[in-house]
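First residue of the sequence shown: 230, per my numbering; consecutive thereafter.
All C-beta atoms, glycine included, are put in the ideal place defined by N, C-alpha and C.
Encoded as structure tokens, the structure appears first; notes follow it.
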Amino acid sequence: MQRIILVFLLVIAFTNSFAQDEAPENAGELSEAIPKEDYSKKLIFLPIAYYTPETKLAGGMLAIKNLWKEKEGRTSSVMATASITINNQVMTSIAPRLYFQGGEWELTGVLFYSYFPNKYYGRGVENSLSSPEKYIENSFVLGVGGGRNLYEHLFVRGGVGQDLRKIIEYEAGGAMEREVQNLAPSLQVLSLNLSLEWDERDYPQAPRQGSWYRITQSFYDPKDREGNKELQRFRKIDFDFRQYVTLAPRWIAAGQFVLSEMQGDQIPFQYLNSIGGGSRMRGFYGGQYRDQSLGMVQAELRFERTPKWTPAVFAGIARMATKISDLNSADSFYSGGAGIQYTLDPENRTKLRLDFGFTGKETGAYFLIGEAF
230 MQRIILVFLL
240 VIAFTNSFAQ
250 DEAPENAGEL
260 SEAIPKEDYS
270 KKLIFLPIAY
280 YTPETKLAGG
290 MLAIKNLWKE
300 KEGRTSSVMA
310 TASITINNQV
320 MTSIAPRLYF
330 QGGEWELTGV
340 LFYSYFPNKY
350 YGRGVENSLS
360 SPEKYIENSF
370 VLGVGGGRNL
380 YEHLFVRGGV
390 GQDLRKIIEY
400 EAGGAMEREV
410 QNLAPSLQVL
420 SLNLSLEWDE
430 RDYPQAPRQG
440 SWYRITQSFY
450 DPKDREGNKE
460 LQRFRKIDFD
470 FRQYVTLAPR
480 WIAAGQFVLS
490 EMQGDQIPFQ
500 YLNSIGGGSR
510 MRGFYGGQYR
520 DQSLGMVQAE
530 LRFERTPKWT
540 PAVFAGIARM
550 ATKISDLNSA
560 DSFYSGGAGI
570 QYTLDPENRT
580 KLRLDFGFTG
590 KETGAYFLIG
600 EAF
């Protein structure tokens with residue numbers, strides 16, 4: 230834990246020195262001669278470091294190209310990342326986000342590749358393994374989405390995607406081998422999603438006030454890339470409601486309610502609902518519990534101690550089952566913890582986050598960019 234805190238402080242010190250090196254001594258004079266939007270279009274390269282229980286310590290590079298700004302919180306940009314972890318996991322991504330007509334229209338995309346040694350805990354809460362199995366997965370994800378502001382805070386969004394996934398290594402005779410035998414080691418999954426959103430957050434990337442409600446219906450068409458099996462389609466309905474309230478000057482309360490159900494008889498484990506990781510029930514290992522249905526409530530209290538530093542405490546409760554109707558009788562999972570956020574860019578509210586989550590049995594440390602929700 231001491232090493233994680235040290236890395237967090239070193240990254241902050243480095244980014245601060247980088248920002249000071251970028252700013253010329255006569256920045257005040259230059260700001261009048263050079264329009265701000267021209268400076269914002271620079272291609273920025275930054276080293277990145279992060280830590281999660283799933284990856285352990287990781288490092289890489291981040292590149293951001295800001296293109297144009299339609300309105301507050303609606304800046305068109307292209308972001309690329311590449312990282313490697315001490316667990317020999319490799320991830321690269323390119324993600325454009327474009328806004329048009331004053332932010333009324335939005336176009337997004339993602340191109341993602343990963344080589345990811347991981348742990349498999351099984352599917353179904355009752356079948357979760359006490360000793361997880363190791364496996365390695367190659368994945369390639371391509372997605373395109375679009376959105377339209379229909380009326381004031383009401384948005385409609387849709388997207389299509391293609392996932393290529395292959396389990397390239399797993400333990401013989403275990404639960405993962407049964408997964409591969411029941412479905413296929415190499416999958417192609419085509420997807421279509423449609424969502425309706427109500428968004429009145431003051432700043433989508435890091436809100437202090439407002440609400441965000443989203444209902445999403447997704448459809449999936451899996452295929453065995455080796456052509457040996459006919460696989461069944463499946464779908465997902467997802468409700469994600471978030472509320473942000475400024476309780477007092479510098480005090481911000483954030484809440485999230487999630488209700489989700491996967492529907493189908495042949496659902497690859499990667500697409501089941503799960504808890505764990507840096508945004509859902511921090512403290513649990515990502516994917517430690519997987520099932521078709523999920524009900525979850527999370528809350529976080531943030532105190533903006535200074536313009537740069539924001540301590541926070543958080544807690545959550547979740548239930549998982551095969552069907553939503555079974556959640557009332559399902560066992561509950563609890564997690565809580567505390568953390569601190571450092572604001573790298575006050576204008577865009579870009580933050581580094583260091584969280585420590587606890588479940589009663591497990592603990593998890595998370596050093597990431599951006600808020601949990």
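Quiz item: Just curious, the alpha helix (DSSP H) that Asn-347 is in, first and last residue?
Solution: Note, Asn-347: premise wrong, no alpha helix (DSSP H); beta strand (DSSP E) at 334-349.
Quiz item: Hey, how far is the Cα of Ala-594 from the Cα of Ala-278?
Solution: If you draw a straight line from the Cα of Ala-594 to the Cα of Ala-278, it comes to about 14 Å.
Quiz item: At what residues does the alpha helix (DSSP H) containing Glu-398 begin and finish?
Solution: Run containing Glu-398: none in the alpha helix (DSSP H); it sits in the beta strand (DSSP E), 383-399.
Quiz item: What separation, rounded to the nearest whole angstrom, lies between the Cα atoms of Pro-276 and Ser-312?
Solution: 10 Å
Quiz prompt | DSSP-derived helix/strand/coil call for Ala-601 | solution = coil
Quiz item: Which one or two residues does DSSP pair with Ala-309 in a beta bridge?
Solution: Ala-292, Ile-323
Quiz prompt | Chain-order list of residues whose beta-carbon lies under 6 Å from that of Asn-378 (same chain, five-residue window excluded) | solution = Glu-333, Phe-384
Self-check item: Glu-362 vs Glu-398 beta-carbon contact at 7 Å
Solution: no
Quiz prompt | Per-residue burial, Ile-481 [other beta carbons within 10 Å of its own, 16 or more giving buried] | solution = buried
Quiz item: Given that a residue counts as buried once 16 or more other Cβ atoms are within 10 Å of its Cβ, and exposed if not, what is Ser-554?
Solution: Within a 10 Å sphere around the beta-carbon of Ser-554 sit fewer than 16 other beta-carbons, which makes this residue exposed.
Practice problem: Give the DSSP-derived three-state secondary structure of Glu-283 in the structure shown. | Solution: coil
Quiz item: Name the DSSP beta bridge partners of Ile-277, please?
Solution: Gly-289
Exercise. Classify Arg-437 as helix, strand or coil using the three-state DSSP reduction.
Key: coil
Exercise. Could you pull the start and end residues of the beta strand (DSSP E) that Val-417 belongs to?
Key: Rather than Val, the amino acid found at residue 417 in this sequence is Gln. Per DSSP, Gln-417 belongs to the beta strand (DSSP E) from 415-428.
Quiz prompt | Straight-line gap, Gln-492 to Pro-414 (C-alpha atoms, nearest Å) | solution = 21 Å
Quiz item: Alpha carbon to alpha carbon, how far is Ile-293 from Met-308?
Solution: Straight through space, the alpha carbons of Met-308 and Ile-293 are spaced by roughly 5 Å.
Quiz item: By the 10 Å Cβ neighbour count, where 16 or more other Cβ atoms means buried, how is Glu-459 classified, buried or exposed?
Solution: exposed
Self-check item: Pairwise C-alpha distance: Pro-325 and Ile-598
Solution: 17 Å
Quiz item: Is the CB-CB distance between Ile-315 and Lys-285 below 7 Å?
Solution: yes
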